[in-house]
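What follows is one structure encoded as structure tokens, with my remarks underneath.
There are 2 protein chains.
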Amino acid sequence: MEKIDNLDRQILEIISQNARIPFKDVAAECGVSRAAIHQRVQRLIDLGVIVGSGYHVNPKSLGYRTCTYVGIKLEKGSMYKAVVAELQNIPEIVECHFTTGPYTMLTKVYACDNEHLMDLLNNRMQEIPGVVATETLISLEQSIKKEIPIRADK
Amino acid sequence: MEKIDNLDRQILEIISQNARIPFKDVAAECGVSRAAIHQRVQRLIDLGVIVGSGYHVNPKSLGYRTCTYVGIKLEKGSMYKAVVAELQNIPEIVECHFTTGPYTMLTKVYACDNEHLMDLLNNRMQEIPGVVATETLISLEQSIKKEIPIRADK
DNA sequence: TTTGAAATCAGTAGCAT
DNA sequence: ATGCTACTGATTTCAAA
Numbered sequence: 001m002e003k004i005d006n007l008d009r010q011i012l013e014i015i016s017q018n019a020r021i022p023f024k025d026v027a028a029e030c031g032v033s034r035a036a037i038h039q040r041v042q043r044l045i046d047l048g049v050i051v052g053s054g055y056h057v058n059p060k061s062l063g064y065r066t067c068t069y070v071g072i073k074l075e076k077g078s079m080y081k082a083v084v085a086e087l088q089n090i091p092e093i094v095e096c097h098f099t100t101g102p103y104t105m106l107t108k109v110y111a112c113d114n115e116h117l118m119d120l121l122n123n124r125m126q127e128i129p130g131v132v133a134t135e136t137l138i139s140l141e142q143s144i145k146k147e148i149p150i151r152a153d154k
Numbered sequence: 001m002e003k004i005d006n007l008d009r010q011i012l013e014i015i016s017q018n019a020r021i022p023f024k025d026v027a028a029e030c031g032v033s034r035a036a037i038h039q040r041v042q043r044l045i046d047l048g049v050i051v052g053s054g055y056h057v058n059p060k061s062l063g064y065r066t067c068t069y070v071g072i073k074l075e076k077g078s079m080y081k082a083v084v085a086e087l088q089n090i091p092e093i094v095e096c097h098f099t100t101g102p103y104t105m106l107t108k109v110y111a112c113d114n115e116h117l118m119d120l121l122n123n124r125m126q127e128i129p130g131v132v133a134t135e136t137l138i139s140l141e142q143s144i145k146k147e148i149p150i151r152a153d154k
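Here the protein sequences line up with chains A and B, keeping their order. Take the first sequence: its position 85, counted from the start at 1, is 85 in the UniProt record's numbering, and no numbers get skipped. Take the second sequence: its position 150, counted from the start at 1, is 150 in the UniProt record's numbering, and no numbers get skipped.
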């Protein structure tokens with residue numbers, strides 16, 4: 001997109017895996033000065049390539065023992081925006097996509113247990129006007145969880 | 001799980017959204033000293049509540065214009081581990097879950113364009129022994145992308 | 001893009017609650 | 001057991017080249 005070179009990619013590769021690494025270490029690994037890293041990172045933020053940072057929290061530690069994907073079918077696709085507005089109010093929904101395929105939309109939902117999940121499905125999601133059906137895909141085991149790959153060439 | 005109190009939650013709430021915020025600011029917001037934050041964060045790391053950190057990169061900036069979920073049906077559920085091992089080698093696959101519902105497993109895949117996606121599906125994923133069918137749910141728009149909610153009580 | 005100085009911040013230890 | 005103060009060294013920021 002906007003002239004991202006190999007140094008940028010190398011920096012992204014490192015800091016996307018560890019947000020707290022001192023920039024001088026990044027600099028050493030990349031073979032440039034510390035200031036170069038600062039300037040590049042700032043530029044990547046300004047360009048919108050970097051959209052934030054955060055510590056990763058283990059869901060189980062917070063009592064979220066159930067991770068599920070919920071496919072939602074809508075009466076009409078055009079109701080999508082209104083439904084999303086409602087879904088925004090449910091904190092347990094961490095992702096929502098408008099999708100091709102068997103569902104109108106696909107959401108990712110964390111719940112504490114089956115009872116909590118049941119409550120979210122029956123009393124929250126299925127109550128939203130326009131939602132005609134939901135299908136629940138419970139994740140019994142998450143086997144892969146990576147960051148997006150930083151491509152070597154562009 | 002292991003005695004996470006409200007101060008812990010307040011800290012997690014802040015640093016899960018911003019890994020680079022100075023701990024002195026976290027301390028100010030929580031109304032405790034910096035050292036307390038250090039101790040708490042270190043403890044949360046030791047307990048496995050915090051599992052890492054990272055900068056968030058905008059997929060589009062790296063040329064990934066297509067985000068998809070791919071449901072995979074296996075000949076036998078018991079082949080799951082072997083299939084996961086193969087999927088590990090495909091960098092574009094960033095998530096993989098063993099699921100209840102219509103598929104044996106659900107994966108999240110980033111691709112540059114439809115041609116790239118086609119290649120991943122036909123030449124990589126469907127070639128894996130045990131995979132009998134795939135169904136592709138292309139995300140036309142991602143409307144919600146949050147961190148996991150930090151529960152107020154627990 | 002680099003360097004170096006000034007300002008800010010992190011991490012530690014010992015004390016107090 | 002947890003938080004606080006104070007200290008030391010590391011890191012970030014910002015100048016000029």
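A virtual CB, placed ideally from N, CA and C, is assigned to each residue, including glycine. Please read these numbers as outputs of a predicted model, since none were measured by experiment.
Where residue i sits in the DSSP three-state scheme
i        : result
A:Val26  : helix
A:Gln10  : helix
A:Lys108 : strand
B:Ser53  : strand
A:Val132 : strand
B:Val70  : strand
B:Ser61  : helix
B:Glu141 : strand
A:Ile150 : coil
A:Ile93  : strand
Environment of residue i [buried if 16+ CB atoms lie within 10 Å]
i        : result
A:Glu105 : According to the sequence displayed, residue 105 of chain A carries Met and not Glu. So A:Met105 ends up on the buried side.
A:Gly54  : buried
B:Thr100 : exposed
B:Glu92  : buried
B:Ala59  : Strictly speaking, residue 59 of chain B in this sequence is Pro, with Ala absent from that position. Classification for B:Pro59: buried.
A:Ser61  : buried
B:Lys154 : Residue confidence for B:Lys154 is low, a pLDDT of 45 falling below 50, so the modelled location carries little weight and cannot support an answer.
A:Ala28  : exposed
A:Ser78  : exposed
B:Met1   : Bear in mind that the predicted position of B:Met1 carries a pLDDT of just 49, short of 50, making it too unreliable to give a figure here.
CB of residue i within 8 Å of CB of residue j, strictly
i        : j        : result
A:Ile144 : B:Val57  : no
B:Thr68  : B:Ala111 : yes
B:Ile11  : B:Arg40  : yes
A:Ile4   : A:Ile14  : no
A:Phe23  : B:Leu140 : no
B:Ile150 : B:Arg9   : yes
A:Thr66  : A:Ile128 : no
A:Ala82  : A:Gly130 : yes
A:Leu120 : A:Ile90  : yes
A:Val32  : B:Lys146 : no
B:Leu7   : B:Cys30  : yes
B:Ala36  : A:Ala19  : no
beta-carbon residue i near the ligand NAD non-hydrogen atom, thresh 7 Å
i       : result
B:Tyr64 : The ligand NAD is not among the ligands present in this structure, which contains no ligands whatsoever.
Can you find at least 3 beta carbon pairs, one from the segment 68-79 of chain B and one from the segment 94-113 of chain B, that sit closer than 8 Å? yes
Going along the chain, which residues of the segment 91-102 of chain B sit with their C-beta nearer than 9 Å to a C-beta in chain A? Pro91, Glu92, Ile93, Val94, Glu95, Cys96, His97, Phe98, Thr99, Thr100, Gly101, Pro102
May I ask you to list, following chain order, the residues of the segment 127-151 of chain A that have a beta carbon less than 7 Å from some beta carbon of chain B? Glu135, Thr136, Leu137, Ile138, Ser139, Leu140, Glu141, Gln142, Ser143, Ile144, Lys145, Lys146, Glu147, Ile148, Pro149, Ile150, Arg151
Give me the subset of the segment 50-67 of chain A whose CB atoms are less than 9 Å from a CB atom of chain B, sorted by chain position. Ile50, Val51, Gly52, Ser53, Gly54, Tyr55, His56, Val57, Asn58, Pro59, Lys60, Ser61, Leu62, Gly63, Tyr64, Cys67
Residues in the segment 11-35 of chain B having any Cβ partner in chain A nearer than 8 Å: Leu12, Ile15, Ser16, Gln17, Asn18, Ala19, Arg20
Which residues, in chain order, does the segment 65-89 of chain B contribute to contact with chain A at a C-beta distance below 7 Å? Tyr69, Val84, Leu87, Gln88
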